[in-house]
Amino acid sequence: MSRHLWAAVRDAGFIFWGLFVAFGLIVVAYLWWMRRSER
Amino acid sequence: MSVRLVVFGVYFALVFFIGWISLKSTDDPSDYWIAGGRLGWLLGGATMAATHTSAGTFIGTIGVIHTVGWSFGWLILSVPISYFLMAAVLAPRFTRVRKLTLPDFIEARYDSAAARSVAAVIILIAVTVYIQAQIVAGGLVANIVFGITPTQGMVLFTAILLAYTVVGGMIAVVYTDLLQLAIMTLGLLVAVPLTVRHLDGFANLLDYARVMRPLTFSWEGMPGPLLFTMGLAFLLGGVATPEKVVRLYAMRDMRTIRRGVLFTLLIVTGMILSVAVVALGSIVLFPSLPTGDLAMPMVARAILPPVVGALMLAAITSAMMSTVDSLLIVAGSALSEDIYHRLIDPGASHARRLIVARLGILVVGTVPLLMTLSGIAEGELVQFIVLLFTALMASSFFMPVVAGLYWRRANKQGAIAAMLGGITTAMTWKLYGPGTVDPVLPGFLVSGLLLLVVSLMSPPPPDSAVTPYFMPS
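Chains as they are written, first to last, in the working numbering: chain X, 1 to 39; chain G, 1001 to 1473.
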């Protein structure tokens, strides 16, 4: 089942999973900025 | 039908209850417009998120993804980036002097009542456009829920909204926003897994969508320049739309704002991503719809169990109402504080200003309904009306607000020219320009250029107005 999921995500391509990765990176950047401004 | 009526009955009863309670805690204009500036991160973030999430999200986004595929989903990224910029770039300086409205800020920074009036008039025009989109969607949902005609639905929807906003002001709006956000989140938390299960799991959902419509996961669904410039509209508009920035004044301090905006960013992006997944489901289940805007109501009615379906429709209604109530507050404040109090009757008492505000909200809420009933903007996809509003706001306010906080030399002549030039360019482009580039790009560029050139050609602004925003914190 999980292999099927990975295959489906891979077949959908970067246009699909790249969006989630990019969102994650923005959240990490925000948290980093928040920590820095409150130090 | 009866389950839907019960769910909606309970929802509307709660909304009215909140409006009535809020009336009692509203003593002066600051309570009415910015909830006294006392909000913590949860309420502040929730009201920002609920305001952001409109019919544009629940009906519009899903409608466009249904029509052009996943590439439109990348526009979602402009949302977290715009909130990041709002918290990191705009808020620290914008909130140094606490005002009541965006035009109020424009007057203080540029030391000009004329600039304030221009801002107020632009807000009134743009808000009318946006409210119209929500009313159209409201009619669509009421048609499905109550079986009444879309026209009757639009009238009912507007009447309920006006009732609690006029009575309760910002305090009512903030608490109903929290309730509405909870309903939206709950609706999606239940609807997404059910949609995925209905299609035999997430892997199959992706496979089916790809097979049913090969363009779903390609960049060809939408022209690149259009996608990019639409993203720009959401990015710039997200930073400087009046109904959002005024929420920075409603929150207690910068620490609260950083947390509140993070909360907004997570909730809003999470919700839009969930909606995008439902959109994939709608591609598989209803490949050919007369308009993409029907995708979400169809999913709610056809594949969700009655209670969840009703909850989802209540969520869509919440999304629309939480946005329109906030816009009504912004428009009402533009009329009462920025135009009436500033220009017509400077000596008006608190009580009188609140009466004018309430009357103003009634008028501003009724005009879009009348415009819609007379057939203006008929047949536009909801998302594209929302996008036009965002482009108009970004073209008029981004430069005067953001550049005004970082460039001391920006003055009232520059700001007025930037606002008028920006909105005129964007409107003209929308009507006559090529459809492959969103109006925000020319609007924003003209606005920036005018701010720069006109400011440099006229005397610098008085130090007393500028200094508060440039003091080291």
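Backbone N, C-alpha and C fix where the C-beta goes; we use that ideal spot for every residue, glycine too. In this text the structure is predicted, and so the values were computed from the model without any measurement.
| query | result |
| --- | --- |
| Helix, strand or coil at G/M1471 according to DSSP, with G and I counted as helix | coil |
| Neighbour flag for G/T1061 against chain X, beta carbons, 7 Å | no |
| Where G/T1513 meets chain X, residues with beta-carbon distance less than 7 Å | For residue 1513 of chain G there is no data in the structure shown, the boundaries of chain G being 1001 and 1473. |
| Classification of G/D1104 by the beta-carbon crowding that lies within 10 angstroms, buried from 16 upward | buried |
| Heavy atom of the ligand GDP within 6 Å of G/D1345 beta-carbon | Looking at this structure, you won't find the ligand GDP or any other ligand, since it has none at all. |
| Any chain X beta carbon closer than 7 Å to G/W1070 | yes |
| Closer than 7 Å to chain G by CB, X/W33 | yes |
| Same chain, Cβ closer than 6 Å to G/P1442, five either side skipped, listed in chain order | T1425, W1429 |
| Residues that X/V9 contacts on chain G, provided the C-beta gap is smaller than 9 Å | F1202, A1203, L1206 |
| G/P1223 to G/W1074 span [Cα, whole Å] | 13 Å |
| CB contact check: X/F14 to chain G, cutoff 7 Å | no |
| Where G/M1251 sits in the DSSP three-state scheme | strand |
| Nearest-angstrom Cα separation, counted from G/V1079 out to X/F16 | 17 Å |
| Residues that G/A1088 contacts on chain X, provided the C-beta gap is smaller than 7 Å | W33 |
| First through last residue of the alpha helix (DSSP H) which encompasses G/F1084 | 1078 to 1085 |
| G/F1084 at chain X interface by Cβ criterion, 7 Å | yes |
| Minimum Cβ-Cβ distance from G/P1080 to chain X less than 7 Å | yes |
| Proximity of G/A1114 and G/V1382 at Cβ, strictly below 7 Å | no |
| Partners in chain X for G/R1210, counting only beta-carbon separations shorter than 7 Å | D11, A12 |
| Beta-carbon gap between G/R1109 and G/G1404 smaller than 7 Å | yes |
| Residues of the segment 1255 to 1268 of chain G whose Cβ lies closer than 9 Å to any Cβ of chain X, in chain order | R1255, R1258, R1259, V1261, L1262, L1265, L1266 |
| The segment 1122 to 1130 of chain G / the segment 1276 to 1285 of chain G touching (three or more Cβ pairs under 8 Å) | no |
| Inter-stretch contact at 8 Å, needing at least 3 Cβ pairs: the segment 1300 to 1312 of chain G / the segment 1331 to 1344 of chain G | no |
| Cβ pair G/V1439, G/M1419 closer than 7 Å | The amino acid occupying residue 1439 of chain G in the given sequence is Pro; Val does not appear at that position. Not closer than 7 Å, so no. |
| Buried versus exposed call for G/L1354 [16 or more other C-beta atoms within 10 Å across all chains shown] | buried |
| G/F1234 at chain X interface by Cβ criterion, 7 Å | no |
| G/L1039 in three-state terms, based on DSSP | strand |
| Residue nearest to G/A1240 in terms of C-alpha spacing, selected from G/P1468, G/G1332, G/I1081, G/D1027 | G/I1081 |
| Beta-carbon neighbours of G/L1077, restricted to chain X and to distances below 8 Å | L19, A22, F23, I26 |
| From G/R1096, G/L1262, G/D1028, G/I1148, residue whose alpha carbon lies closest to that of G/G1040 | G/L1262 |
| Inter-stretch contact at 8 Å, needing at least 3 Cβ pairs: the segment 1291 to 1303 of chain G / the segment 1059 to 1068 of chain G | yes |
| Span of the alpha helix (DSSP H), counted from its first residue to its last, around G/N1204 | 1202 to 1212 |
| Residues in the segment 1134 to 1158 of chain G having any Cβ partner in chain X nearer than 9 Å | none |
| Closer than 7 Å to chain X by CB, G/G1019 | no |
| 7 Å Cβ cutoff, G/F1058 in contact with chain X | no |
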